[in-house]
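Undergrad: Chains as they are written, first to last, in my numbering: chain W, 2 to 240; chain A, 2 to 240; chain P, 2 to 240; chain F, 2 to 240; chain S, 2 to 240; chain H, 2 to 240.
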């Protein structure tokens with residue numbers, strides 16, 4: 002099976018690392034490739050970034066289906082372009098939020114998101130409300146580091162631990178969801194640090210959940226409901 | 002005060018009628034003007050149409066603020082581009098769904114939406130979930146007429162009455178919300194027909210609610226929360 | 002159009018200030034007048050006060066309709082007598098809570114109420130539950146000043162700012178609703194102080210929302226649902 | 002222990018039957034007496050009736066406490082005057098709705114109310130929302146017989162059975178709550194008829210639940226929370 | 002009437018105290034007896050303990066019905082074996098959670114549970130979700146004392162007061178539910194201490210609520226819905 | 002990786018078919034084996050069956066961990082023994098309900114369950130409430146065929162199609178979840194029949210979802226939260 006990862010920003014400098022991360026969660030028969038956008042924003046940290054990216058993401062998803070991919074992962078926690086993409090293709094399409102939120106709900110029924118910036122709280126909340134899962138969302142916390150500065154991983158790790166501990170101790174979380182797909186390769190170490198602090202909770206990496214979920218769907222012959230996401234009617238559209 | 006209506010499609014053939022409708026709900030000191038898009042879809046009936054329209058809508062909202070408008074109404078029941086627009090301007094911005102849903106909730110606590118096509122049910126549901134108002138939504142029904150065919154108003158009126166009656170009698174609705182901003186000038190007559198059928202319920206026209214709500218906000222010196230919709234950070238964006 | 006404001010207490014000493022406040026939110030063609038009660042409580046701070054006021058409020062609403070008013074605002078955040086009044090007249094009737102709560106929900110989806118006394122928390126919660134909007138209510142906080150002492154505006158302003166900051170920082174509110182219609186003329190200054198403290202959120206004055214909403218309804222030819230609030234059947238009633 | 006039943010209407014013609022019904026659910030050491038109102042409505046079928054009755058109900062509850070009653074049942078499914086009464090006394094006070102709704106929730110988690118008139122649906126819904134129990138309410142149905150005509154018990158029984166069957170078969174109810182305290186002495190026979198129709202569900206009589214619940218509270222030394230229902234502050238009140 | 006209390010653990014050393022407590026909440030005509038298990042766990046503090054106890058609890062409930070008991074109280078806050086027992090008998094069966102949660106909801110609409118161990122929070126949450134009452138649950142707090150050490154009542158009382166105060170002051174509780182049926186005889190003294198600390202809230206003892214509720218049901222001729230809990234079909238079962 | 006399937010009933014006659022089904026959803030590196038119980042019920046169709054099976058299921062899960070399995074699927078839609086098993090092992094354990102419900106929620110946000118018997122509706126509802134997903138559950142329908150008669154697949158297929166169509170057309174479902182893990186090998190054909198009837202919705206086979214989900218968790222190094230499911234404390238337990 003062939004899974005396409007769409008990095009919804011205009012740089013390919015993360016593609017290799019994204020590939021490595023994604024491939025680590027793939028079965029032997031699952032092939033992963035990674036593309037980024039030609040046009041769109043440098044990173045996604047606002048509804049404005051999302052709408053600038055969405056048309057180009059959707060194009061990439063159409064292209065992926067044309068190139069015989071079996072599923073697509075739009076690697077952003079905001080799920081930009083997921084709904085429009087589901088309308089224009091028949092293969093399963095997931096973003097970063099939904100698979101992670103659902104996976105966390107399998108592991109316990111109160112979990113928190115630790116994301117990059119405070120400003121993303123309404124976006125996460127909207128995604129949780131749309132998914133019908135608000136009852137399980139204990140809190141949304143932020144490390145206060147912009148996406149493009151996540152590479153200073155020492156600061157990031159420090160803040161992740163701090164916010165995850167607060168989520169557990171103050172907000173009642175029993176699992177942590179990393180709230181940005183740019184937080185690569187950190188779930189296992191955070192999980193270990195929390196366990197060492199006597200807070201033995203799972204940490205869900207959205208890439209792991211998304212790549213995993215696509216394999217579930219592909220093996221089961223499933224894709225999104227075409228009653229929920231029917232093909233757009235033909236009409237004039239200029240862009 | 003000056004209110005700009007953005008018709009989020011690539012034709013100006015409805016602008017005059019939209020203007021007439023909107024102006025009917027404006028106070029003497031409220032000036033309305035109407036623009037449509039240069040690029041985008043011919044009508045909005047899918048998530049795909051929404052994302053193709055959203056960037057151009059957002060541009061128009063920015064232009065409206067630049068031209069000293071006091072508020073903007075994006076006249077579509079899907080609320081396309083509303084969230085991104087709120088991030089890039091300080092004046093209040095509303096779409097068709099939220100003002101109508103909130104107004105209906107003031108008039109009773111169980112209301113139904115009658116929209117154009119069955120396929121829009123998930124979109125309406127998502128908007129209701131995001132707004133935190135699902136408890137009040139009795140049902141979403143459709144007249145099964147595409148947006149661009151709404152002008153055959155006889156068929157439309159017939160089907161609206163039929164679906165509104167079902168919403169009241171079968172789904173327990175106590176008010177009706179017209180679920181497409183293209184259903185112009187029909188609320189009062191539908192309300193009368195329903196009353197004649199011994200179903201005395203209000204019918205909320207989304208244009209009335211939106212134009213009305215903008216005046217509420219402008220007179221009160223209010224706009225959307227800048228904690229919920231902060232300005233997007235500076236970064237490279239190509240489009 | 003003619004809007005009647007009913008001050009649901011037995012003093013007319015606030016009428017002038019209420020009139021000034023309300024008129025500030027009215028369109029040029031909207032005429033406001035203000036009446037208070039002959040019988041009832043000196044202020045409304047309990048369910049007990051509400052039921053003592055409700056019959057007299059309802060009488061005033063009937064009188065307002067008889068005097069050709071187009072809408073009535075019962076100026077109390079507890080919404081006393083709103084439901085009974087809606088049954089006995091055909092013109093729109095609103096209290097202080099519903100319009101403010103709905104307006105806040107248009108501006109963001111997590112907001113807090115700052116009211117006068119802790120003891121009103123269950124009352125506010127009941128109103129929010131009845132309106133189907135609990136999901137948006139971040140918290141209810143109080144300044145701990147009785148209604149009739151609100152006139153010491155320095156203390157009030159200080160405590161409002163303090164509680165509003167806590168609501169935003171501790172409870173996750175993205176907008177503030179003033180939880181007493183006696184908190185007149187304070188929304189704009191509180192909004193400014195919060196913005197100065199880097200907490201740029203809207204502050205909803207219930208009078209602004211109510212007067213605004215009535216104009217929305219009147220211009221749209223709407224009133225509460227007569228299926229939800231049918232006329233009371235004829236029967237013997239002594240009082 | 003001494004339990005006072007307040008029939009919140011201006012006739013004593015039901016008092017004897019109410020007493021017989023209530024006494025049937027009392028333990029040997031529980032003494033019941035019944036009073037009706039001097040002023041108020043002839044029956045309660047609207048919010049308007051409720052507010053006309055509430056002040057006089059509250060007076061009776063104060064009197065009951067003065068006369069050393071240990072608890073009060075306001076025998077109406079709308080729970081009129083319950084909240085105000087709880088503020089002014091320390092003994093437990095219940096209406097018809099809350100005890101019945103809670104009892105039904107102990108017996109299954111989807112139940113329907115069958116009440117007298119369609120018009121009471123919003124009232125029942127408000128009570129269920131305030132109680133936080135909407136998730137368990139399958140539907141509200143009506144026999145379409147006014148309160149004061151309930152005495153034709155043949156028609157009533159026929160319609161009760163019909164609506165209860167529909168509630169079970171169409172709305173998924175697993176228990177029935179009689180939605181009017183005037184439906185006296187019918188629960189057991191309806192339960193039997195339903196069982197005979199292969200629909201073995203409990204039928205909750207609100208009087209049974211209320212009288213029973215008061216005994217629970219009195220034996221346990223419990224009353225409503227004084228943080229939720231604190232005493233009203235002293236102030237001028239004219240009535 | 003005859004009520005059987007099943008202590009779902011393999012010791013009878015609490016039976017006498019349980020009997021004394023339960024009998025204190027019984028009417029003169031209600032006879033109480035108490036049995037404990039032959040097999041099962043020494044105490045119930047995990048889902049694992051619950052499933053080990055459930056088959057033996059269910060056996061005891063069958064036996065109770067055979068011995069002409071009119072109702073059964075399984076005295077554990079986790080409600081172990083309640084659902085299976087309801088399927089195999091026709092008499093009413095309650096555990097510790099549901100009666101207490103429903104009783105608290107009659108007294109206010111925000112209450113907290115104070116239980117023995119932090120680890121029971123998911124169990125309480127599951128019970129509240131199943132009952133449809135999550136909206137009323139302000140928080141779950143723990144005294145951090147295992148069930149079998151509850152007998153050091155000084156430490157227990159101290160911690161109960163501390164956690165109850167926090168529940169009221171930090172979580173907004175307006176009533177307290179004791180979250181372990183082993184916390185015998187403490188409700189009244191805790192209630193007094195809280196009142197002395199100016200926190201006048203009811204404290205619900207689950208034994209009081211359960212014994213009380215059974216009397217409500219028995220006097221009203223009610224038991225759990227046989228549509229919700231139908232008899233198990235005949236089949237081979239080995240154990 | 003090695004996945005153990007526990008068939009929670011006392012026959013091994015389904016093991017081979019279960020193995021074939023499960024293996025069809027496994028990646029090349031995932032090895033599946035299947036065991037059934039020595040003691041317990043012949044099939045699971047009641048809470049009573051669940052509690053009789055749970056101790057033996059839990060034993061099998063402990064044994065699976067001892068035998069170096071990486072994850073366990075308890076193949077029953079009621080999720081019997083899942084919670085207790087999670088407490089006693091560190092490897093991931095899933096039942097039939099949760100993975101299917103979460104997978105369906107990824108594909109749309111309104112789905113229905115079609116299960117074997119009407120009597121299982123409360124059980125499914127409890128599972129959905131515990132998972133925090135009630136908002137997405139459109140309905141629970143039944144084919145009215147006992148588990149042990151499912152092998153007459155013609156009747157089963159006919160009734161599945163009939164109930165699935167009703168779920169979509171009357172209840173608004175946009176996906177179908179097969180509500181019994183004994184409905185083996187039917188998802189794809191039902192999906193095709195529905196598509197032929199112009200109802201293009203996904204049909205989720207709980208075995209596909211469970212086997213798939215376990216692989217997600219195992220590849221991601223995740224298991225259930227140990228704060229939610231901590232190890233049971235040592236104590237005396239006889240069984």
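All C-beta atoms in this analysis are idealised placements derived from N, C-alpha and C, irrespective of residue type, glycine included.
1) CB-CB under 8 Å to residue 45 of chain W, same chain, minus the five flanking residues each way: which ones, in chain order?
2) Compute the beta-carbon to beta-carbon distance between residue 28 of chain F and residue 29 of chain S, rounded to the nearest angstrom, for a pair I have assumed lies under 8 Å.
3) Going by other Cβ atoms of all chains shown within 10 Å of its Cβ, with 16 needed for buried, is residue 227 of chain F buried or exposed?
4) So what does DSSP say about residue 4 of chain A, is it helix, strand or coil?
5) The beta strand (DSSP E) spanning residue 220 of chain F covers which residue range?
6) Compute the beta-carbon to beta-carbon distance between residue 141 of chain F and residue 155 of chain F, rounded to the nearest angstrom, for a pair I have assumed lies under 8 Å.
7) Do we get a CB-CB distance below 7 Å when we pair residue 84 of chain P with the residues of chain F?
8) Sorted by chain position, which residues of the same chain lie with C-beta nearer than 7 Å to residue 99 of chain H's C-beta, five sequence neighbours on each side aside?
9) Quick one, are the C-beta atoms of residue 24 of chain A and residue 216 of chain A less than 7 Å apart?
10) Please say whether residue 203 of chain A and residue 108 of chain A have beta carbons closer to each other than 7 Å?
11) Where does residue 72 of chain P sit, in a helix, a strand or coil, going by DSSP?
12) Hey, would you say residue 242 of chain F sits closer than 7 Å to residue 125 of chain F, going by beta carbons?
13) With 7 Å as the threshold, decide whether the Cβ of residue 243 of chain A is near any Cβ in chain P.
14) Give the secondary structure of residue 92 of chain S by DSSP, where H, G and I count as helix, E and B as strand, and everything else as coil.
15) Would you say the beta carbon of residue 136 of chain P is closer than 6 Å to some non-hydrogen atom of the ligand ADP?
16) Going by CA-CA distance only, name the one from A:95, A:56, A:171 and A:71 that's closest to residue 112 of chain A.
17) Should residue 240 of chain P go down as buried or exposed, given a rule of 16 or more other Cβ atoms within 10 Å for buried?
18) Counting along the chain, where does the alpha helix (DSSP H) carrying residue 32 of chain H start and finish?
19) The stretch 106-129 of chain A: which residues have C-beta closer than 9 Å to a C-beta of chain H, in chain order?
20) Check the DSSP bridge columns for residue 233 of chain F and list the partner residues they point to.
21) Could you tell me whether the Cβ of residue 11 of chain S comes closer than 7 Å to any Cβ of chain H?
22) Provide the residue span of the beta strand (DSSP E) that contains residue 11 of chain A, from first to last.
23) Name the one or two DSSP bridge partners that residue 42 of chain F has.
24) Report buried or exposed for residue 61 of chain S, applying the criterion of at least 16 other Cβ atoms within 10 angstroms of its Cβ.
25) With DSSP as the reference, label residue 138 of chain A as helix, strand or coil.
26) Rank W:105, W:106, W:101 and W:73 by C-alpha distance to the C-alpha of residue 90 of chain W and give the top, closest one.
27) Run through DSSP, which three-state label would residue 113 of chain F get?
28) Tell whether a beta-carbon distance below 7 Å holds between residue 115 of chain H and residue 164 of chain H.
29) Should residue 129 of chain S and residue 174 of chain S be called a contact, given that it needs their Cβ atoms to be closer than 7 Å?
30) Using a Cβ-Cβ cut-off of 7 Å (strictly less than) and excluding sequence neighbours within five positions of residue 200 of chain F, which residues of its own chain qualify?
31) Over what stretch of residues does the alpha helix (DSSP H) that includes residue 102 of chain F continue unbroken?
32) At a CB-CB cut-off below 8 Å, which residues of chain S make contact with residue 135 of chain P?
33) Give the straight-line distance between the Cα atoms of residue 87 of chain A and residue 63 of chain A, rounded to the nearest whole angstrom.
34) Express the C-alpha separation of residue 185 of chain P and residue 18 of chain P in angstroms, rounding to a whole number.
35) If you count every other CB in all the chains shown that lies within 10 Å of the CB of residue 101 of chain W, and 16 or more means buried, which is it?
36) Who are the near neighbours of residue 16 of chain S in its chain, counting only those whose CB is closer than 7 Å to its CB and skipping five residues on each side?
TA: Once the coordinates are examined:
1) 9, 10, 51, 54, 77, 79, 81 and 148
2) 7 Å
3) buried
4) strand
5) Careful: residue 220 of chain F lies outside any beta strand (DSSP E), inside the alpha helix (DSSP H) at 207-221.
6) 23 Å between Cβ atoms; not a contact.
7) yes
8) 80 and 132
9) no
10) yes
11) strand
12) The requested residue 242 of chain F is not part of the displayed model; chain F covers only 2 to 240.
13) Chain A is shown from 2 up to 240; residue 243 of chain A falls before or after that span and cannot be answered.
14) coil
15) Looking for the ligand ADP in the displayed structure turns up nothing, as the structure carries no ligands at all.
16) A:171
17) exposed
18) Careful: residue 32 of chain H lies outside any alpha helix (DSSP H), inside the beta strand (DSSP E) at 32-37.
19) 122, 123, 126 and 127
20) None, per the DSSP bridge assignment.
21) yes
22) Residue 11 of chain A -> no beta strand (DSSP E), and no H or E assigned at all.
23) P:238
24) buried
25) strand
26) W:73
27) strand
28) yes
29) no
30) 166 and 169
31) 98-108
32) 136
33) 10 Å
34) 8 Å
35) buried
36) 8, 35 and 37
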